[in-house]
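Numbering-wise (the numbering used here), the sequence shown opens with residue 3 and increments by one.
Backbone N, C-alpha and C fix where the C-beta goes; we use that ideal spot for every residue, glycine too.
Remember, predicted model here, so these are calculated numbers, not experimental data.
Below: the structure, in structure tokens.
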Amino acid sequence: MNDLVTRSLAGAALIAVALIAAVLGGYWFAALAAAASCAMFFEWRRIVTGWGAGWQIGGFFYALVPALALLWIRDRVTFAGHSIGLELLVWVFVVTWSVDIGAYFAGRTFGGPKLAPRVSPNKTWAGLLGGALAASAFGALWALTTKLPSPLLWLAPLFAIAAQGGDLFESGMKRRAGVKDSGNWLPGHGGALDRLDGLVVVATLTAAAALGGLW
């Protein structure tokens, strides 16, 4: 089985689990968020061994804040007097997944200049643009279909670029630690940090936008 097939099957399984838990909500989604947070913190601690207490403390909040943001989005966000938690949570997923998929295929198809060769040699400017365009298109499609607040239309590309910045941050950590992946439990994807680095950013920024009154 080639890498693309393995990566696609594993990614599809993760998407299915996330969507089912999101729809069920309650303890189901809370359990998934908690498990993801614990897995990220475990991998973070392994990567930053010997880097000092500041990195350990930072990793705790890096894993905790997005989990709390996802739970808050799912159960507390309203618009025009109605709950939009599930729809907004799926928007967060759509933007994050679109960034990853768009960047992967645009980078492999077009190649070109490297985005940050010293940090992540495989990432390209074409991948950055492809990820941002994919997130903008699919994020807008979902937002318009579900009648989510209009600011999400222009927040999608900004959050997409920020998500790829989060990816580069994690890549820089791995390069400093001398490891290729944060873990090896997910075929074709690596570990929890490898798979969720973009979600950390998009979830946190979306919750911040809602709390900041952008709609």
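Measure the C-alpha to C-alpha separation of Tyr64 and Leu201 and round it to an integer number of angstroms.
Taking the first residue of the sequence shown as 1, we reach residue 64 at position 62. Taking the first residue of the sequence shown as 1, we reach residue 201 at position 199. Spanning the two alpha carbons is a distance of roughly 11 Å.
Which residues does DSSP list as the beta-bridge partners of Leu188?
Taking the first residue of the sequence shown as position 1, residue 188 is located at position 186. Partner(s): Gly192.
In angstroms, rounded to a whole number, what distance separates the CA positions of Val19 and Asp196?
Stepping through the sequence shown from its first residue, residue 19 is reached at position 17. Stepping through the sequence shown from its first residue, residue 196 is reached at position 194. Cα to Cα, the separation comes out at about 17 Å.
Over the uninterrupted alpha helix (DSSP H) stretch that includes Ala164, give me the two end residues.
The residue given as residue 164 occupies position 162 in the sequence shown. Ala164 -> alpha helix (DSSP H) spans Pro153 to Ala179.
Extent of the continuous alpha helix (DSSP H) to which Thr51 belongs
Indexing the sequence shown from 1 puts residue 51 at position 49. Where Thr51 is concerned, there is no enclosing alpha helix (DSSP H), given that its DSSP letter is neither H nor E.
To which residues of the same chain is Lys125 closer than 8 Å at the C-beta, ignoring the five residues directly before and after it?
Start at 1 with the first residue of the sequence shown, and residue 125 comes out as number 123. Counting only Cβ-Cβ distances below 8 Å, and skipping sequence neighbours, we find Ala105, Gly109, Lys116, Leu117, Ala118, Gln166, Asp169, Leu170 and Ser173.
So, for Ala137: in the same chain, excluding its five sequence neighbours on each side, which residues have a beta-carbon less than 6 Å away from its beta-carbon?
Against the sequence shown, residue 137 aligns to sequence position 135. Answer for Ala137: Val97, Ser100, Val101, Ala158 and Ala162, listed in chain order.
Can you give the beta carbon distance from Met114 to Ala128, rounded, assuming they're within the 8 Å contact cut?
Along the sequence shown, read from residue 1 onward, the residue named residue 114 stands at position 112. Along the sequence shown, read from residue 1 onward, the residue named residue 128 stands at position 126. In the sequence on display, residue 114 carries Gly and not Met. Contact annotation, Gly114 with Ala128: C-beta distance approximately 5 Å; criterion of less than 8 Å satisfied.
Can you tell me the Cβ-Cβ gap for Ala205 and Ile75, rounded? I've got them flagged as a contact below 8 Å.
Locating residue 205 in the sequence shown gives position 203, counting from the first residue. Locating residue 75 in the sequence shown gives position 73, counting from the first residue. That belief holds up - the Cβ atoms of Ala205 and Ile75 are roughly 7 Å apart, short of 8 Å.
Tell me where the beta strand (DSSP E) around Leu117 begins and ends.
Counting from one through the sequence shown, the residue named residue 117 turns up at place 115. Counting along the chain, Leu117 sits inside the beta strand (DSSP E) bounded by residues Lys116 to Ala118.
What number of angstroms, rounded off, separates the C-alpha of Trp53 from the C-alpha of Gly60?
Position 51 of the sequence shown, counted from the start, is the residue given in the question as residue 53. Position 58 of the sequence shown, counted from the start, is the residue given in the question as residue 60. Their Cα atoms are separated by approximately 11 Å.
Pick out whichever of Leu16, Phe62, Leu207 and Leu216 has its Cα sitting closest to the Cα of Leu72.
Counted from its first residue, the sequence shown places residue 72 at position 70. The residue among Leu16, Phe62, Leu207 and Leu216 with its C-alpha nearest the C-alpha of Leu72 is Leu207.
Which whole-angstrom value is the C-beta distance of Leu216 and Pro153, which I expect to be below 8 Å?
Here residue 216 corresponds to residue number 214 of the sequence shown, with the count starting at 1. Here residue 153 corresponds to residue number 151 of the sequence shown, with the count starting at 1. In this structure, Leu216 and Pro153 form a Cβ contact; the two beta carbons are roughly 5 Å apart against a cut-off of 8 Å.
Could you pull out every residue in the same chain whose Cβ sits closer than 7 Å to the Cβ of Leu198, ignoring the five residues on either side in sequence?
Position 196 of the sequence shown, counted from the first residue, corresponds to residue 198. Within the same chain, Leu198 has close Cβ partners Ala38 and Met42.
Unbroken beta strand (DSSP E) runs of length 3 or more, entirely within the region 60-121: which are they?
The region 60-121 is shown to contain whole beta strand (DSSP E) runs of 3 or more residues at 116-118, in chain order.
With burial defined as no fewer than 16 other Cβ atoms inside 10 Å of the residue's Cβ, what is the status of Pro123: buried or exposed?
In the sequence shown, residue 123 corresponds to position 121, counting from 1. The residue is exposed, with fewer than 16 neighbouring Cβ atoms inside 10 Å.
So, are the CB atoms of Ile49 and Lys182 less than 8 Å apart?
Against the sequence shown, residue 49 aligns to sequence position 47. Against the sequence shown, residue 182 aligns to sequence position 180. In this structure, Ile49 lies away from Lys182, with their beta-carbon atoms at least 8 Å apart.
Report all residues from its chain with a CB closer than 8 Å to the CB of Leu131; omit the five preceding and five following residues, and keep chain order.
The residue given as residue 131 occupies position 129 in the sequence shown. Within the same chain, Ala108 come within 8 Å of Leu131 by CB-CB distance, once the 5 residues on both sides are set aside.
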